[in-house]
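So the structure is just underneath, and the comments pick up after that.
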Amino acid sequence: MTTFQEAVAVEVTIAQAVWGRVFGAALEVIADCFARPETRATAAEMISGLLAEVDTRNCWTLAQALGHPGPHRLQHLLSRAKFDHDRAREEIARLVVRELAGQDVVLVADETGDAKSSTDCVGAGRQYSGALKGVGLCQVAVHLAAVTETARVVIDRALYLPKDWAADEERRDAAGVPEEIMFATKPQQTADMVANALQLGIDARWFAGDEVYSCRELRTQIRAFGLGYAVGVSHTHVVTDGAGRRWQTRQIINKVLPHQWMRMRAGHGQKGTREYDWAWLDVRADDTPDGHHENGTSILVARRHRYTGELSFFRCWAPGNITLAQLVDVICHRWRIEETFQLGKTFTGLDEGQVTCWNSWMRWSLFSLIAAAVLTLTAAAATTARPARTTRLVPLTCPELVPLLRAFVLTPPVREAEHVLHWMAWRRHHQAVAQACHQRRHELQDQP
Numbered sequence: 001m002t003t004f005q006e007a008v009a010v011e012v013t014i015a016q017a018v019w020g021r022v023f024g025a026a027l028e029v030i031a032d033c034f035a036r037p038e039t040r041a042t043a044a045e046m047i048s049g050l051l052a053e054v055d056t057r058n059c060w061t062l063a064q065a066l067g068h069p070g071p072h073r074l075q076h077l078l079s080r081a082k083f084d085h086d087r088a089r090e091e092i093a094r095l096v097v098r099e100l101a102g103q104d105v106v107l108v109a110d111e112t113g114d115a116k117s118s119t120d121c122v123g124a125g126r127q128y129s130g131a132l133k134g135v136g137l138c139q140v141a142v143h144l145a146a147v148t149e150t151a152r153v154v155i156d157r158a159l160y161l162p163k164d165w166a167a168d169e170e171r172r173d174a175a176g177v178p179e180e181i182m183f184a185t186k187p188q189q190t191a192d193m194v195a196n197a198l199q200l201g202i203d204a205r206w207f208a209g210d211e212v213y214s215c216r217e218l219r220t221q222i223r224a225f226g227l228g229y230a231v232g233v234s235h236t237h238v239v240t241d242g243a244g245r246r247w248q249t250r251q252i253i254n255k256v257l258p259h260q261w262m263r264m265r266a267g268h269g270q271k272g273t274r275e276y277d278w279a280w281l282d283v284r285a286d287d288t289p290d291g292h293h294e295n296g297t298s299i300l301v302a303r304r305h306r307y308t309g310e311l312s313f314f315r316c317w318a319p320g321n322i323t324l325a326q327l328v329d330v331i332c333h334r335w336r337i338e339e340t341f342q343l344g345k346t347f348t349g350l351d352e353g354q355v356t357c358w359n360s361w362m363r364w365s366l367f368s369l370i371a372a373a374v375l376t377l378t379a380a381a382a383t384t385a386r387p388a389r390t391t392r393l394v395p396l397t398c399p400e401l402v403p404l405l406r407a408f409v410l411t412p413p414v415r416e417a418e419h420v421l422h423w424m425a426w427r428r429h430h431q432a433v434a435q436a437c438h439q440r441r442h443e444l445q446d447q448p
């Protein structure tokens, strides 16, 4: 045990050095995006504060943890400060490109939702969200992640505006939505983010997504970008076989003979290696971009659960020859974006912003993604540099890295008695004023 503790102590030293380098690089690349140095310093505080040990993350709790007398500096940073958050997001993406240089990158798209209590919040409406496990009042955002064998980093996000919300000029003005932002479907938002990522230098060969991102329009655009794809499709998705006959996926799978199923590993879980049975069928491509030749390999891949026999289907296209094992690897990369959501929501407040306006949402999500990106890149680089004698320990993960940073690197939350009493008085006074205003508003509305 002593040997293992010594090995972990060495990893702590490595992780501290890597964190300092990556966090410093992130602050450096976005430095010119701020008009004032005070705003830049506040942003650095917020990014590190998001990783602090606090119960919830919003401007009030972070300001108290950071030692501020009130939340006004953080609120100003999110809403009114002169800060080019779009350029900052691009600079962070370029930093990720440099950190992941030489690795095979798969671009993965997925959305996540945050429950809201009012449609006054930008983009909030009754819509489906997997995070809510159904339809509810929520905000939904589409995310694009760069996934490799060692790291998974969200590099872009787009807030989805429901059609009725995007057409409501009164709500748009109240939330500060820019005039050029119009209604766009999730596949359209994804295509724009993929195009932007490629322009920024992301060296990707593949795109992956679930059924939401399997429409023909998006698949055609992905091929036009020069990427292969592997996207989930439903049991009723229609494909065309080599003879020109059209089948639903649940029907054409009957063509697969028993000996054609191959058992392959699909990753590791808490209970060990996950394995499924896989098969593929050649199908005709229906998404060839204009001006492109009918080349490449178009495939329908089926996955069968070992015990229940439950089937899942994936439509794939590769620019050249491809093996089933390679396609399975790309398909498995898609699931890793769920880990980035879990990381962001658990440790960097991705779903805790309590913001209502466009600028505030864009900036809160950006700072959360920067904190998660620095955390992920630090864990990946520290694992690569760890000494050989730590091979009997599992690699350093982000959930393990967070307590390490809180203990050795990050400034602990301020908990002096006078500061705690000041914030208790500030919160209770603010809540009393808000309560009185709400009661007065109700009284005025009740008058004839």
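FYI, in the UniProt record's numbering the residues of the sequence shown are 1 to 448. Even glycine gets a Cβ: it sits at the ideal position worked out from N, Cα and C. As the structure is a prediction and not an experimental result, all values here were calculated from the model.
DSSP places leucine 300 in the strand class (E or B) of the three-state scheme. Within the same chain, Arg274, Tyr276, Cys332 come within 6 Å of alanine 266 by CB-CB distance, once the 5 residues on both sides are set aside. With a cutoff of 8 Å on beta-carbon distance, threonine 378 and valine 22 are scored as near each other. Between the C-alpha atoms of leucine 218 and valine 328 there is a straight-line separation of about 21 Å. Cβ contact annotation for alanine 318 (same chain, cutoff 7 Å, sequence separation greater than five): Gly228, Gly296, Thr297, in chain order. Unbroken beta strand (DSSP E) runs of no fewer than 3 residues, entirely contained in the region 243 to 323, are found at 246 to 248, 262 to 269, 272 to 282, 297 to 304, 311 to 318, following chain order.
If you compare the alpha carbons of Gly113, Leu100, Ala124 with that of threonine 384, the shortest gap goes to Leu100.
Glutamate 111 is bridged by DSSP to Val142. Only residues of its own chain outside the window of five on either side were considered, and among them Val256, Gln260, Trp261, Ala302 have a CB closer than 6 Å to the CB of alanine 279, listed in chain order. The criterion of a C-beta distance shorter than 8 Å is not satisfied by alanine 15 and leucine 350.
Annotated three-state conformation of serine 368 is helix, per DSSP.
A check of alpha carbon separations from arginine 57 across Lys163, Trp426, Gly353 identifies Gly353 as the nearest. DSSP places alanine 35 outside both helix and strand once states are collapsed to three, so it counts as coil.
The straight-line gap separating the alpha-carbon atoms of alanine 167 and valine 135 is approximately 21 Å. Contact between the region 68 to 84 and the region 137 to 147 is absent, with fewer than three C-beta pairs closer than 8 Å. Scanning Leu366, Ile181, His235 for the CA closest to the CA of valine 355 turns up Leu366. Under the DSSP definition of a beta bridge, glutamine 16 lacks any partner. Under the DSSP assignment, valine 96 falls in the alpha helix (DSSP H) whose first and last residues are 85 to 99.
Aspartate 156 has Leu144 as its beta-bridge partners, per DSSP.
Selection Gly102, Thr220, Phe183 evaluated against threonine 148 yields Gly102 as nearest (Cα-Cα). For phenylalanine 225, there is no enclosing alpha helix (DSSP H), as DSSP gives it neither H nor E.
Taken through DSSP and simplified to helix, strand or coil, arginine 406 comes out as helix. Between glutamate 11 and alanine 382, the beta carbon gap of about 6 Å places them in contact (Cβ cut-off 8 Å).
Per the C-alpha coordinates, the member of Ile252, Leu343, Leu159 positioned closest to leucine 300 is Ile252. Taking every protein chain shown into account, the CB of proline 289 has fewer than 16 other CB atoms within 10 angstroms, so this residue is exposed. Its Cα nearest to that of isoleucine 181, the residue Leu159 stands out among Phe313, Leu159, Thr190, Asn196.
The alpha-carbon separation between proline 395 and alanine 373 amounts to approximately 18 Å.
DSSP, read as helix, strand or coil, puts arginine 171 in helix. In this structure, the beta-carbon distance from glutamine 64 to tryptophan 423 falls below 8 Å. A straight line joining the alpha-carbon of tryptophan 206 with that of alanine 230 spans about 8 Å. For cysteine 59 and leucine 311, the gap between their C-alpha atoms comes out near 45 Å. The straight-line gap separating the alpha-carbon atoms of arginine 223 and proline 413 is approximately 49 Å.
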